[in-house]
Amino acid sequence: MTASYQHLRAFHAIAVERGVSRAARRLNVSQPTLSQQLKALEARHAVALFENRKSPLKLTAAGRDLFTLTQRLFATAADIDDMLGETSALTGGMLRLGSDSPPYAARVVARFRQSHPQTGIQVRIGNAQEVMQWLSEAQIDAALASDPPADAMFSYDPLYTDRLSCAVPVGHPLARFEAIPIEALADAVLLSREAMSKTRAFTERALTDAGIVPAATLEFQGREAIREAIALGLGVSIFFASECPPDRRIDYRPLDTGGRSYELRSFLLCQSERRRSSLMRALKAVVSQIREQATEPSEPATVIVLA
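Just so you know, the working numbering puts the end of the sequence shown at 315, numbered straight through with nothing missing.
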């Protein structure tokens with residue numbers, strides 16, 4: 009009995025997203041429609057593909073076997089679509105990019121535009137968690153994200169490795185250090201990012217490991233607000249080196265964490281099934297070029313292979 013391609017597509021999306029509602033958003037169809045297609049597939053072939061209907065869904069043994077096959081099926085289908093539309097994909101298409109690093113987003117876009125000036129580009133900036141959510145819901149085509157969770161539904165290409173730096177107002181006593189010892193922050197007013205920020209998480213971990221509690225902490229939303237607060241003399245802050253654009257009002261110094269390493273690794277991610285598309289291959293080539301030309305404080309990161 010021949011399986012319906014539409015029903016297999018519904019099953020595959022649900023298996024990838026581990027839920028019907030997210031899969032429906034991914035395919036741009038209604039949730040009831042997708043549920044009906046899954047039920048029709050299971051009924052037609054007298055097989056249970058999921059253990060239950062509560063998210064996150066878990067595949068049965070038969071479901072796991074089928075998912076292995078549909079991964080190959082839709083990867084091949086994507087290759088066929090890509091081959092037939094190789095030219096148009098990069099001359100009249102659109103790249104939707106999300107990033108938690110504005111400087112690297114700009115760098116990637118600038119390099120991409122040099123090779124593919126006819127491709128439209130939309131860029132969304134958010135924190136790492138927001139960017140990964142956009143990618144999982146197919147709101148964007150690719151993401152530049154720091155320390156993303158390992159997940160077989162995504163393809164990962166290393167972009168850069170970043171380290172902590174301390175930002176202080178010009179003329180601040182801490183500016184005398186070539187590398188500011190983390191212990192010196194015990195007497196400082198620390199300007200902190202919002203709760204979901206990776207920079208804040210790394211900062212708090214470094215302070216906790218060193219047993220340091222700043223004299224006071226002020227929370228701000230976003231890098232730009234913190235940089236303005238530093239320039240006004242409200243306190244000091246911790247950034248990753250890639251987040252430190254030149255500013256005559258601010259001095260940046262490496263943060264001396266006493267031999268402990270706090271490295272942030274950033275990757276280009278896309279849906280695994282789209283990793284061989286012409287658009288993604290072009291974007292991966294750009295990231296590879298940037299990585300190869302990287303200098304301190306950014307270095308090549310370790311490759312994660314999940315596919």
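Where is the CB? At the ideal position from N, CA and C, for every residue including glycine.
Item, Value
"Enumerate in chain order the residues of its own chain whose CB-to-CB distance from histidine 20 is below 8 Å, with the five nearest sequence positions on each side excluded.", "Phe75, Thr78, Gln79, Leu81, Phe82"
"On the DSSP bridge assignment, give the partners of cysteine 252 in chain order.", "DSSP lists no partner for cysteine 252."
"Taking the CB atoms as reference points, tell me whether leucine 152 and serine 107 lie closer together than 8 Å.", "yes"
"Hey, out of Phe185, Ser285, Gly230, Leu172, whose CA is closest to arginine 268's CA?", "Leu172"
"Work out the CA separation of threonine 10 and alanine 54 for me, nearest whole Å.", "13 Å"
"Helix, strand or coil for tyrosine 270 per DSSP?", "coil"
"With distances taken from CA atoms, which of Val37, Arg256, Ala183, Thr68 is nearest proline 23?", "In the sequence on display, residue 23 carries alanine and not proline. Closest option to alanine 23, Cα to Cα, is Thr68."
"Is it a yes or a no for the stretch 259-268 touching the stretch 124-132, going by three-plus beta-carbon pairs under 8 Å?", "no"
"Along the alpha helix (DSSP H) that carries proline 111, what are the first and last residues, could you check?", "110-123"
"Quick one: grab the DSSP three-state call for glutamate 212.", "helix"
"Go through its chain and collect everything with a Cβ distance to alanine 113's Cβ below 8 Å, but skip five positions before and after it.", "Leu105, Ser107, Val131, Ile133, Leu152"
"Just to confirm, is the Cβ distance from leucine 46 to aspartate 155 under 8 Å?", "no"
"Between which two residues does the beta strand (DSSP E) containing valine 24 stretch?", "Per DSSP, valine 24 belongs to no beta strand (DSSP E); it is in the alpha helix (DSSP H), 13-25."
"DSSP three-state call for isoleucine 188: helix, strand or coil?", "strand"
"So the alpha helix (DSSP H) arginine 52 belongs to, where does it begin and stop?", "39-53"
"Between the Cα of leucine 199 and those of Phe185, Glu186, Pro177, Pro189, spot the shortest distance and give me the residue it belongs to.", "Pro177"
"Is the Cβ-Cβ distance between leucine 42 and alanine 32 less than 8 Å?", "yes"
"Count the other CB atoms within 10 Å of the CB of serine 109; is the residue buried (16 or more) or exposed (fewer)?", "buried"
"Taking the alpha-carbon of methionine 288 as reference, which of Ser274, Pro189, Glu202, Ala150 has the nearest alpha-carbon?", "Ala150"
"Are there 16 or more other CB atoms within 10 angstroms of the CB of tyrosine 168, so buried, or fewer, so exposed?", "buried"
"Check whether the stretch 223-240 touches the stretch 193-209, taking contact to mean three or more Cβ pairs, one atom from each stretch, closer than 8 Å.", "yes"
"What is the residue span of the beta strand (DSSP E) that isoleucine 234 lies within?", "First-last for isoleucine 234: 231-239, but that is the alpha helix (DSSP H), not the beta strand (DSSP E)."
"Using only the alpha-carbon positions, how far apart do arginine 115 and glycine 27 sit?", "35 Å"
"Find the nearest neighbour of serine 245 within the set Ala293, Leu291, Ala194, judged by alpha-carbon distance.", "Ala194"
"In this structure, how does DSSP classify alanine 153 when only helix, strand and coil are distinguished?", "strand"
"I believe isoleucine 1 touches aspartate 264 by the beta-carbon criterion, under 8 Å. Please report the beta-carbon distance rounded to the nearest angstrom.", "Outside the shown range of the chain, which is 9 to 315, sits residue 1, and nothing can be said about it."
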